[in-house]
Each structure stands twice: as C-alpha cells, then as structure tokens.
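So for the sequence shown, our numbering puts the first residue at 440; every next one is plus one.
Ideal Cβ positions, reconstructed from N, Cα and C, are used throughout, including at glycine.
Note that the coordinates shown come from a computational prediction; the quantities given were computed from them, not determined experimentally.
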Amino acid sequence: MALPQAAHCRRADRAGRVRGPHPGPEARRLASAFAARPDPRGRQSAVPRRPIRSAFPRGRLTRVIFRATAPPEVAINRLVGPSVVAWLDHQPAWAILLGGLVAVVALGYLDFASGPELTPLLFYLVPTVFVAWSAGQAPGYAVAGACAVAWLLSDALTHRDYAHWSIPYWNGVLRLGALGLVAETAARLRAAQRREREVARADAVTGVANLRVFYEIADAEIVRARRYPHVFSVAYIDLDEFKLVNFRMGHAAGDAVLRAVARALSGVLRASDAVARVGGDRFVVLLPEAGAAAARLTVEKLRQALADVVPAHGWRITASIGIATFLVPPASVDALLAAADRLVYQAKHSGKNTVAQETQNDAPVER
C-alpha cells in the first residue's frame, strides 16, 4: 500500500493539488522529498519549496542569550525599568547602601531556610552588582563583605559537616574575593560609562556643551514653553575674522581663542543659561525666561567679557551676534537656530561687531 500512496503523492504534487483521501505521514514525507528534488527537465515544480531557516532563529533561547550578553546598563534598565534607574541616580549613596544591606539580610535568611544543598551565589551577586553600579566602589565592597558574612553564617547555622574546621573560613575568603572582584568590575564599568557619556556631551576643544546637548536642552525648553507659556531668547555668536587667527598664528592659537571665548561666556551667564559650541567659530546661548531687554543686557555683558579677554592675548577678534526672542515657542530646535542664524548674517552684513535683534511673536507651534 505504500507504493501506490507514494505515487499518488507524486501525481498530486506535479499537478499542484491533492486528489482522493488524505495522505498518511509516510506519503507526506515522500511528497516533501519529491518537492525538494530538482526537476531534471528544468521545469519549475508547482509545489513551493520550504525556505531555509536562519542560522539564528528568533526563538526564546536567542532572546535569552541576547539579553544575557547585553551591557550592564541595558540589563539593569530591563530589570528594574528606566524610570527606576533615573530615580536611583538621584539618591544618595548611603540610602542605596542601606537598601543593599537589607537585601543581604533577607537573602541570608532565605539561604538558611533553604538548607545547605542549594547554592545562593547568583542571589548574592544581585545586590553586590546593583549597589556597586549605583553607589560606587566602596559601598559595593561593603555589600560584598556582608554577602560573604551572611553566606558563612548560613553554613554555620545549618551545621554543615566539613573535613577540617578551616574549610568554611577558606570558602568565606574565596567568596569575599569573588564578590569583591565583581563589585569592583561593576563600579569601574559604571565610572567608565559616565566618563564616556560626559566626553560625548562636551565639545572637545572648549569643554562647553556640544550641538547634540544643545538640541536636548533647547527641545526641553520649547516643550516647557508650550506647557507653561513664557518668553525665552537665543543668542547666536559668530566670531569675526577667526580664520585669520588660524591662518597667521596656527590652529593651536585658534583653539586657545575658542577656549578663552568659552570661559568668558560661561563666566557671565546665569546657572539656568546654557552655552554650546555649534561648530567652527560659532557659539549659541540659550536664555530661558529672558525677554528682549534682558537678552540684550546679557549680550552686552558677553561683548564686554570678550573685549576684556581677547585683546589681553594679542588677538584682534570681534563677534557678530544675533538675538532671537520668542514670545511663542518655535516649531522645533531647527526653526529656533534658523531664526538666530538669519540674524547673525544680518549683523555681519551690517559691518560686523554688531548685534541684530528680533522678537518672534508669530512662530509656528506644533500641536
């Protein structure tokens, strides 16, 4: 009966349809093998071949592997959530350390209640990594030591038998070393991640914020102005004749000019203001809750600071500044910069070392 059934499957596959009763498992296997075999006459089979599966299927095991190999920051965000991580970043180190010690006490009790057969290593790693990552190296060491002591007390209270009295203490020292190494690694990774983030958000030459950070700050100010209507201003600063400094004195002197300008701007501005270098010889200053008069007063202070700093080093550089005051928040940061940039060009065409100011009272707003 198997041969007719197989022949029936061949006829059905070549015709592209199945006739008669439903084929059994053996017939379906033969039909699949026949469909996978190429046609010797070069004709394309009517039965579509099964697609080749990827070497990395999107299954549960693959997702677990990818999550396990994720960076520590990503893993912690997935474990407790980004909002909790952001909240923990604003908590003092002693509070995080206290929470870690409470967790160690709870884990020690669970270790004692579960008996000596189960190892609690993974559970003790959680508060160690968490505290070292959030609070630093010293709190991480403290939690690692607390975990080692809790583990040792749990083994002692469960009356576990050892061949020699020194074995549990030796195990405790090894556990302390392993947990301390994990705490140090987590703290160093966190410190390196913070340094990398700070470097990525600062201008390499002047040390002030870069354009990416300014976009974030300006976008937050636009959102705040839409929710709580208030005026704010932007000052776009373009250094005049800066290319001559690079040409005559070299790029090192040009970088020194930029650093001097950045220090002068930062020394005049308020704590709520923000200054950023947007590229080349251009700086932009965000003045929250500053109207036209307040913005002009701040810009005059900036010009005076530049006049005091630049000639002291033998440089002859002035600045053309465009001030855009927004009674209505602009549609985007690009629109904000475009309005201020247009005023800068207007100031340059007016003879340089001048200020062009305009109040934007009809800026488009995204709904």
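Around the beta-carbon of A643, fewer than 16 other beta-carbon atoms lie within 10 Å, marking it exposed. Inter-segment contact for the stretch 722-738 and the stretch 671-687 is present: three or more beta-carbon pairs are separated by less than 8 Å.
Ranked by Cα distance from V582, the first of V684, A713, F653 and A622 is A622.
For I760, there is no enclosing alpha helix (DSSP H); the residue is part of the beta strand (DSSP E) that begins and ends at A758 to F765. Our two residues, A648 and V638, have alpha carbons roughly 10 Å apart in a direct line. In this structure, the straight-line span from the alpha carbon of G761 to that of D720 is close to 14 Å. Secondary structure at R716: strand, using DSSP grouped into helix, strand and coil.
Q799 sits in a strand when the DSSP states are folded into three classes. From the listed residues V652, A763, D773 and K787, the smallest Cα separation to T798 is found for A763. As computed with DSSP, S672 is found in a beta bridge with L726 and T764. For the pair T757 and K787, the CB atoms are not nearer than the 8 Å cut-off. Judged by their CB atoms, A703 and L745 are nearer to each other than the 8 Å cut-off.
Here W590 is not near Y608, since their CB atoms are 8 Å or more apart. Per DSSP, D528 has no beta bridge partner at all. By alpha-carbon distance to P578, the top candidate from R633, T558 and A625 is A625. In chain order, V684 and N685 place their CB closer than 6 Å to the CB of G693, counting only its own chain and leaving out the 5 sequence neighbours on each side. Distance between A715 and I661, taken at the CA atoms: about 17 Å. V541 sits exposed, since fewer than 16 C-beta atoms from the chains shown fall within 10 Å of its C-beta.
Distance from the CA atom of A630 to the CA atom of Q796, rounded to whole angstroms, is 44 Å.
Only buried fits R742, as 16 or more other CB atoms lie within 10 angstroms of its CB.
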